[in-house]
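Participant:
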Amino acid sequence: MSLTLKNLKLYKQLGLVVTKIHRNLEFQQYPWLKSYIKFNTDKRKAATSKKMTAKAIKKSYIKRHVRHSAFTDALRGKQQSSMARFKTFRSANHVISTVDVEKICLSPFDTKRYILPDGILTLAYGHYRIRDM
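In terms of this note's numbering, the sequence shown opens at residue -16 and continues consecutively.
Below you can see the structure in the form of structure tokens.
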């Protein structure tokens, strides 16, 4: 008995009325990817890499100042946001100068998405459907 037949029996038990069957497929299922999935799962469990990203913030600032606990605090809402202050090089009209930069480093808020009324789906800011709401 295939999974599809089990589902059909369940739906009929729940009140589905079958009026017409268009096509009948017969197949056998077997876990042909089981060893591959298990291998990858075990490798992921054994991995020690802790990849953290803070976009548009210099890598040197992240290495010296940002710790994993700051990421978890920001995601869990314990910390509203943290500011990053550093110096960088900028070029304007072929003149290179150093500039003091202050940016939001870690924030639990996604400020580039518009949350739809259902509270689940989002649209990018500037999307044409936002004007209709």
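The C-beta atom is built at its ideal place from N, Cα and C for all residues, glycine as well.
Using only the alpha-carbon positions, how far apart do F72 and I79 sit?
Facilitator: 7 Å
Participant: Rounded to the nearest angstrom, how far is the Cβ of A53 from that of L89, given a contact under 8 Å?
Facilitator: 6 Å
Participant: For E85, which option in M66, R96, N(-10) has the closest C-alpha, if you only look at C-alpha atoms?
Facilitator: M66
Participant: Looking only at its chain, what residues have a beta carbon closer than 8 Å to the beta carbon of I87, apart from the 5 residues adjacent to it on each side?
Facilitator: S64, S65, M66, A67
Participant: Run the CB neighbour count on M(-16), radius 10 Å, all protein chains shown included, and call it buried at 16 or more, exposed below.
Facilitator: Low confidence applies to M(-16): its pLDDT is 41, below 50, so where it sits in the model is not reliable, and the reading given next is rough at best. Exposed, by the Cβ-count rule.
Participant: Checking the sheet assignment: what are the DSSP bridge partners for I103?
Facilitator: BP columns for I103 are empty, so no partner.
Participant: Count the other CB atoms, across all protein chains shown, that sit within 10 Å of the CB of A75; report buried if there are 16 or more and exposed otherwise.
Facilitator: exposed
Participant: Exposed or buried, A29, counting other C-beta atoms within 10 Å across all chains shown (16 or more means buried)?
Facilitator: exposed
Participant: On the DSSP letters alone, give me the boundaries of the alpha helix (DSSP H) that D115 sits inside.
Facilitator: DSSP places D115 in no alpha helix (DSSP H); its state is neither H nor E.
Participant: According to DSSP, which residues form a beta bridge with A119?
Facilitator: No statement about residue 119 is possible, as the shown extent of the chain runs from -16 to 116 and does not include it.
Participant: Buried or exposed, going by whether 16 or more other CB atoms sit within 10 Å of the CB of A57?
Facilitator: Under this definition A57 is a buried residue.
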